[in-house]
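Here is the structure we will look at.
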Amino acid sequence: MKFMFRSPFFIVFTALIVISCNMPEKEKANDSLVKKAVSDGYALQIKGADFEQKGQTDSAFNYYFKAKEKFTFAKDSLRKAHVLLVMANILRKYNDYAEMQALDIEALDVMGRNTYYHATIYADLGISFMNLHEYENAVGKYNKAIEFSATVADSLTMVNNIAYVEISRRNYKKAHDLLLPAVNSTHISDRLETQARIIDNLGYSKFKLDMPNTLPMLERGLFLRDSIGDDFGAITSHMHLASFYRGSDIGKAIFHAKSAQQKATATNSADDRLEALSFLIEHASDPEAKKYAKIYVRVNDSLRTARQEARNYFAALKYDYKKEHEKTLRARAEKAEQENKTLLWIIATIAAITAGFIIVMRIVSRNKKERWKAAYDAEIRISTRLHDELANEVHQSLLIAENRDLNIGEEKEKLLDTLEDIYRKTRSISRENAPVAVGPGFSKRLRELIGHYMSTDCNIITDGLDSVKWDDLDEPKKVAVHRLVQEFLVNMKKHSGCSHALLRFGTSGKMLLLDYSDNGKGAESENLDQKNGLAIMENRILALKGTITFEPQPGKGFRAHVEIPM
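Residue numbers 1 to 566, in this note's numbering, belong to the letters of the sequence shown in order.
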């Protein structure tokens, strides 16, 4: 005795059992690969840090990039975000703020709801916007960093950064008012670097506002920075003091500018060096000014060349890794396809049969309140389409899978083409019978439906669509209009062969009017009988106490006139 299981659910169940047999081994292998990726990524990160410490930032960036790829594969968001931030810091040194922002935003996306690095990321974004002179964005990002700061001291660091933005756009009073409450905070008593920044910026704001007690604050900031070996901060202090003395003691002003230039040279801070040289060119004596001008040109040219080379290197590196990543993804996809080729035809068959089953069930459910004959005809119509359009191709795909050697590229392509055609036709049937959304925006959805059937071969003109008060129509009537328009368009596409079609909407009293016409083959060629979609729609319109009139014009096109009570 033979038992034939025709239920799609039995086929789904059987396929799931077959697929699940390989899951445990695959999971073990995947766990091993993930652990190795994390280990390799960490080793690459250490190498990158070694190169960065030696000043070889191009090699460092290369290793950090490789580490990021490993952590991406392992889905280790925390380590990946950390490496992205380190890479962003390297780009910051080369003034590549646009790419720096891209890495920071990627890190933010990687972290998701985990806010561990959010304060650092937003602070980085603030720095990049600041240097791009997008001051409002910079302030916004610094304020976001404050939201995620772990301590009050960290928040005060961001307050100082906001004040620096205000100084940069000459809002000295605003900067002063931000820094004044922070300067004596006990929360930064053990953070001399933060103290020095706040004191120096407050002193500079006071100087710009012609307020007293300026010089002691600027000198105090420099003293603190020297005491902790903060050479980068000392450069800023010297330049602020140079500005302070510019109008009263040019000798001291030049002394501080020279000190800033020397420290900038020692720390390889080219931008700060150029700023100090620019000051010296403007205020030093003529022979010295010429000397500094030559140095300025040499340093500026060297800096621009180095940064351009770095940008080119980083861009090439990203491109190479992108291509390699795409190659890896393609290889994985091909491997997965090879491993699952024996299951492919089962899955495709399940998809086709299940889709057809679901479509029939949806139609049965949707038509419960309509006339029995309309529902019955719709079921017959869809069943016929499933049989005519899918059954042969499903059978053909089964024969190919059973009788052909799928290791041959041509045979595998035949199977894939057949399955793709099954999928496309199933999608088409599903779309034509999907539930109709009748809420707000109904006219927009009608327009989208019409647009779907437009092509270079057929132009569809609509008239009066927006003049109808669609909200006055109840749901069954909106569904009827949507389905009727759909049937006209399906009929046009499959049978008419027209180059132009017109859909005119309007109202007369309490009646909704719909006229359709085209310049196609006409009614006889379209073979309008009582079993097609338009006949079903005629039953639906009659159920709503409306009328539909067909005007056959063989060889001269097709026309129809519909009236539905509103």
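Think of the CB as a built atom: it goes at the ideal place given N, C-alpha and C, for glycine as much as any other residue.
Fair warning: this is a prediction, and the values are worked out from it, not measured in the lab.
Residue i versus the options, residue with shortest Cα-Cα distance
| i | options | result |
| --- | --- | --- |
| Ala276 | Ala310, Thr305 and Leu241 | Leu241 |
| Lys93 | Gln56, Ile105 and Ala67 | Gln56 |
| Gly229 | Lys263, Gly356 and Met217 | Lys263 |
| Tyr117 | Ser77, Tyr64 and Asp190 | Ser77 |
| Glu538 | Ala150, His561 and Arg220 | His561 |
| Ile350 | Thr426, Ile281 and Asn312 | Thr426 |
| Leu344 | Lys414, Arg330, His256 and Thr157 | Lys414 |
| Glu134 | Ile121, Arg169, Glu106 and Lys144 | Arg169 |
| Ile146 | Ala98, Ala123, Glu166 and Phe488 | Ala123 |
| Val159 | Lys258, Leu179 and Ala67 | Leu179 |
| Asn163 | Phe148, Gly126 and Asp190 | Here residue 163 is Ala; the residue named in the question, Asn, does not match the sequence. It is Gly126 whose Cα lies nearest to the Cα of Ala163. |
| Thr236 | Arg197, Ala543 and Asp210 | Arg197 |
| Ser189 | Asp210, Leu222, Asn171 and Val152 | Val152 |
| Ser149 | Glu166, Thr120 and Gly441 | Thr120 |
| Ala102 | Ser39, Ile408, Ser467 and Ala315 | Ala315 |
| His176 | Lys208, Arg191 and Asp154 | Lys208 |
| Arg307 | Asn62, Asp40, Asn95 and Lys521 | Asn95 |
| Arg559 | Ile541, Met492 and Leu512 | Met492 |
| Tyr63 | Lys75, Asp40, Ala81 and Ser128 | Asp40 |
| Glu136 | Met211, Thr115, Val165 and Asp154 | Val165 |
| Ser487 | Arg191, Ile536 and Ala88 | Per the sequence presented here, residue 487 reads as Glu, with Ser not at that position. It is Ile536. |
| Ala289 | Val299, Ala266, Ile254 and Met361 | Ile254 |
Helix, strand or coil at residue i [DSSP, three-state]
| i | result |
| --- | --- |
| Tyr63 | helix |
| Val183 | coil |
| Ile408 | coil |
| Ile188 | helix |
| Lys531 | With a pLDDT of only 45 at Lys531, under 50, the local geometry of the prediction cannot be trusted, and the value read off the model is given with reservation. It is coil, neither helix nor strand. |
| Asn459 | strand |
| Ser508 | strand |
| Phe148 | coil |
| Gly251 | helix |
| Thr267 | coil |
| Lys173 | helix |
| Pro554 | coil |
| Val438 | coil |
| His561 | strand |
| Ile358 | helix |
Inter-residue Cα distance where the pair is residue i and residue j
| i | j | result |
| --- | --- | --- |
| Phe505 | Lys412 | 50 Å |
| Leu484 | Leu534 | 7 Å |
| Thr418 | Ala355 | 17 Å |
| Asp50 | Ala60 | 7 Å |
| Lys252 | Glu193 | 25 Å |
| Met130 | Gln45 | 29 Å |
| Arg445 | Val479 | 12 Å |
| Tyr574 | Tyr42 | Beyond the ends of the chain as shown, which are 1 and 566, falls residue 574; an answer cannot be given. |
| Ser508 | Asp457 | 33 Å |
| Asn268 | Asp31 | 45 Å |
| Pro476 | Leu416 | 41 Å |
| Ala543 | Ile564 | 10 Å |
| Ala257 | Gly233 | 14 Å |
| Gln195 | Val139 | 20 Å |
| Met566 | Thr547 | 13 Å |
| Glu99 | Arg447 | 42 Å |
| Ala401 | Ile353 | 17 Å |
| Ala437 | Thr72 | 40 Å |
| Ser517 | Phe442 | 22 Å |
| Lys80 | Val110 | 8 Å |
| Met454 | Leu465 | 16 Å |
| Asp471 | Gly439 | 8 Å |
| Arg220 | Asp226 | 10 Å |
| Ala67 | Asp474 | 60 Å |
| Val183 | Arg113 | 34 Å |
| Gln553 | Lys469 | 32 Å |
Contacts around residue i, its chain only, beta-carbon distance under 8 Å, and the 5 residues preceding and following it disregarded
| i | result |
| --- | --- |
| Met217 | Ile199, Asp200, Leu202, Gly203 and Lys206 |
| Ile450 | Ile460, Thr462, Val485, Leu489 and Leu503 |
| Tyr296 | Leu274, Leu277, Ser278 and Ile281 |
7 Å Cβ shell around residue i - same chain, five flanking residues per side excluded
| i | result |
| --- | --- |
| Ser185 | Leu156 |
| Asn519 | Cys498, Ser499, His500 and Gly557 |
Other residues of its chain near residue i: CB distance less than 6 Å, five sequence neighbours each side excluded
| i | result |
| --- | --- |
| Asp515 | Arg504 and His561 |
| Tyr142 | Gly126, Met158, Asn161 and Ile162 |
| Trp372 | The predicted model places Trp372 with a pLDDT of 46, which falls under 50 and marks its position as unreliable, so this point remains unresolved. |
| Ala293 | Ile281 |
| His482 | Val436 |
| Phe550 | Ala560 |
| Leu108 | Ile121 |
8 Å Cβ cutoff, residue i in contact with chain C
| i | result |
| --- | --- |
| Arg220 | In summary, chain C is missing from the structure at hand, where a single protein chain is found. |
Task: At least 3 beta-carbon pairs within less than 8 Å: the region 275-290 vs the region 301-314 - done: no
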